[in-house]
Amino acid sequence: MAKTKNRPGFVCTECGWTSARWVGRCGECQTWGSVVEEGAPKLTQVQSNVPESKAVPIAEVSARAATRAKTGVGELDRVLGDGLVPGAVVLLAGEPGVGKSTLLLEVAARWAKAGRRTLYVSGEESAAQVRLRAGRTDALAEELYLAAETDLGTVLGHIEEVEPSLMVLDSVQTVGTAEADGSPGGVTQVREVTGALVRVAKRRGMAVMIVGHVTKDGNIAGPRLLEHLVDVVLAFEGDKHSGFRMVRATKNRFGPADEVGCFEMAENGIIEVPDPSGLFTSRHDEPVSGTCVTVTLEGRRPLLAELQALVAPSNLQSPRRTTHGIESSRLAMVLAVVERRGGIKLYSRDVYASTVGGARVSDPGADLAIAVAVASAAINKAVPRSLIALGEIGLAGELRRVPGTERRLSEAARLGFTEAVVPTESSKDRVGRQETRDGMTVHRVTTLGQALAVLDLLPSGGSRSTDRKPEAAEDTIADPPLLHKERLAQVLQELERQFGSETG
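Its first residue numbered -4, the sequence shown is counted upward by one per residue in our numbering.
What follows is the structure in structure tokens.
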């Protein structure tokens, strides 16, 4: 006989959290006023059942049913691991207006144009509104079926009627069911809707792509269980002031979870960017001081990024440190090392650092490029346009290798760069060793000072010749500003007048 235990208590109508006493705020989902009195769920001893199918050795399971299918969007296929697996459930999350609906409508259209039946369910727009957007982005296809529904039961009915091989739901927070408590978008509703779609996807071998909202903190709205239920979690990132978009896989049961895909928003929809490096570099006819190019790794994909710096005299007691696309704490650390280990005084100067094209650089491998750009701006001396700098800087001024160095160098060589400054591969490497690979001269250094010397960016001059002379040494290695000395003299005179005593 099954053993049961029933205790009266309180339960949250949003997430199902239980408590022995009433509280005003749920201890799990932090929702106010959602805890009501109710009997706690019964704990029943589960009996064994006869399985519908027998377990078989894994080698005897056919893999044909899991053959990948191309979506038609190359950059998305790259992130998914070369296509969609039948029965896979993919969650695409991103901020409002980033282009989630546009991207998945394009995927649905290309899937349907390949002769595969597709169902697009919209809970946020009417069918006419989706049709209008599809016409603007050339996303019309005969095999693409459209429905505007917010009830889970009706959505499942459309699936039974259309029998698609791909179903797109926009979005999971707008669909609800009367079988679960709470309103659509609530924790319980999102869990039930996602669970039902996962079950039907596995049973029918139908791929499902779901749009998900994010909170103001950037987290996916809904229970954490949502990310565990689905097979793939994709983050759609981008700046509203820039047309560049990036899809990043944070979870992928069928492929690598560190791939990224690049897109660009245009008037006629979203387009792929197979080679996005040109978006993050500027084009100068002549070398300009204060610029340096590096190669970052977004997942496993190398991307070129140009770092720019401007160093100017400051009249403020606390000079400005302004960044765009670079972490301010990272810049502060690099500036301290440049001043202490490179001998370039920056305490009386404003420093501005930025990336080109709205890129956001958080890769530690960009430290050396930031330092080179700052040093170049400080002494007003440009580095060659065909040069890249790679390496993480330590507080002692040492340079550390970063993951994927060879891949980064290969990408730079492919794009026409002929010179690189990188950390040594091991402590046994000879300092200043040069090597040539793929037509690129690679300088191996161990410290920031050696890197600046190779580029002739040290205040006292370097080993490389240049046609452009740096500014006077007094401008780079200077005593405290005269303004501070004059102010100190004024304070001493004022004290002497007030107290009539010698102040020394």
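Cβ atoms here follow ideal geometry from the backbone N, Cα and C, with glycine treated the same way. Values in this document were obtained by computation on a predicted structure and should not be read as measured data.
Bridge partners - residue i, DSSP secondary structure assignment
i, result
"VAL440", "PRO418"
"CYS257", "MET241"
"ASP345", "ALA307"
"MET204", "VAL85 and VAL163"
"ASN247", "VAL227"
"ALA121", "Per the sequence shown, the amino acid found at residue 121 is Ser instead of Ala. DSSP, once it has assigned bridges, lists no residue as partnering SER121."
"MET435", "ARG432"
"THR350", "LEU302"
"ILE321", "VAL356"
Cα-Cα separation between residue i and residue j, rounded to whole angstroms
i, j, result
"GLY69", "GLY190", "29 Å"
"GLY434", "VAL290", "17 Å"
"LEU135", "GLU119", "19 Å"
"ARG335", "ALA216", "46 Å"
"TRP17", "THR183", "20 Å"
"GLU420", "ASP165", "49 Å"
"LEU298", "ALA230", "18 Å"
"ASN44", "ARG243", "41 Å"
"ALA348", "PRO418", "23 Å"
"TRP12", "VAL56", "40 Å"
"TRP27", "VAL397", "47 Å"
"GLU566", "LEU127", "Residue 566 is absent from the model: the chain starts at -4 and stops at 499."
"LEU363", "GLU322", "14 Å"
"GLY285", "GLU301", "10 Å"
"LYS340", "LEU447", "14 Å"
"GLY506", "THR210", "Absent from the model: residue 506. The displayed extent of the chain is -4 to 499, so no value can be given."
"HIS223", "CYS7", "21 Å"
"SER117", "VAL203", "13 Å"
"ALA122", "GLU47", "40 Å"
"SER460", "LYS376", "Interpretation of SER460 is limited by its pLDDT of 37, a score under 50 that renders its predicted location unreliable; no figure is taken from the coordinates."
"ARG402", "ASP358", "15 Å"
"ALA467", "ASP451", "Only weak support is given to the placement of ALA467: the predicted model assigns it a pLDDT of 41, under 50, and the question is left unresolved by the model."
"VAL185", "GLU174", "12 Å"
"ASP270", "GLU33", "58 Å"
"GLY207", "LEU87", "6 Å"
"LEU151", "MET201", "12 Å"
"GLU144", "VAL31", "30 Å"
"ALA35", "GLY22", "In this prediction, ALA35 scores a pLDDT of 47, lower than 50, which makes its location untrustworthy; the coordinate-derived value is nonetheless stated afterwards. Distance between the alpha carbons of ALA35 and GLY22 is about 16 Å."
"ILE388", "ALA83", "42 Å"
"VAL195", "ALA64", "19 Å"
"PHE5", "LEU221", "24 Å"
"ILE374", "LYS108", "58 Å"
"LEU490", "ALA484", "10 Å"
"ALA104", "THR62", "21 Å"
"VAL193", "PRO81", "12 Å"
"VAL288", "PHE412", "10 Å"
"ASP521", "ARG325", "The structure shown does not extend to residue 521, since the chain is modelled only from -4 through 499, so no value can be given for it."
"GLY457", "ASP253", "Summary for GLY457: the model assigns pLDDT 44, below 50, so the residue's position carries little reliability; its value from the coordinates is reported in the next sentence. Approximately 40 Å, taken between the alpha carbons."
"LYS(-2)", "SER29", "At LYS(-2), the pLDDT of 47 sits below 50, so the modelled position is not reliable and the matter cannot be decided from this model."
"ASP470", "PHE249", "Low confidence applies here, because ASP470 scores a pLDDT of 41, under 50, leaving its location unreliable and the question unanswered by this model."
Contact belief for residue i with residue j at Cβ below 8 Å, rounded distance in angstroms
i, j, result
"THR350", "PHE275", "7 Å"
"GLU501", "VAL346", "Given that the chain is displayed from residue -4 to residue 499, the structure contains no residue 501 and the question cannot be resolved."
"ILE154", "LEU114", "7 Å"
"ALA384", "VAL369", "Incorrect: roughly 12 Å between the Cβ atoms, too far for contact."
"THR132", "GLY264", "3 Å"
Buried or exposed by the 16-neighbour rule on C-beta atoms within 10 Å, applied to residue i
i, result
"HIS279", "exposed"
"GLY320", "buried"
"GLY337", "buried"
"ASN247", "buried"
"ASP226", "buried"
"GLU187", "buried"
"SER160", "buried"
"ILE53", "exposed"
"GLY92", "exposed"
"ASP72", "buried"
"GLY213", "exposed"
"ALA142", "buried"
"LEU147", "buried"
"ILE472", "Legend: pLDDT at ILE472 = 39, less than 50; position of this residue unreliable, value from coordinates given subsequently. Looking at its Cβ environment, which holds fewer than 16 other Cβ atoms inside 10 Å, ILE472 is exposed."
"ARG409", "exposed"
"ALA431", "Correcting the residue identity first, residue 431 is Thr in this sequence and not Ala. THR431 comes out exposed."
"GLN40", "exposed"
"LYS95", "buried"
Contact test: residue i Cβ vs the ligand GDP heavy atom, cutoff 6 Å
i, result
"HIS223", "Of ligands this structure carries none, so the ligand GDP is not represented either."
Which runs of the alpha helix (DSSP H), 4 residues or longer, sit entirely within the stretch 124 to 185? Qualifying alpha helix (DSSP H) stretches, in chain order: 147 to 157.
Secondary structure, beta strand (DSSP E): runs of 3+ residues fully inside the stretch 353 to 418: Within the stretch 353 to 418, the complete beta strand (DSSP E) runs of at least 3 residues are 382 to 384 and 414 to 418.
At 3 residues or longer, what runs of the beta strand (DSSP E) sit wholly inside the stretch 290 to 319? Complete beta strand (DSSP E) runs here, min 3: 296 to 308 and 316 to 319.
Unbroken beta strand (DSSP E) runs of length 3 or more, entirely within the stretch -1 to 85: which are they? Those beta strand (DSSP E) runs which fall completely within the stretch -1 to 85 and span 3+ residues are 3 to 7 and 30 to 34.
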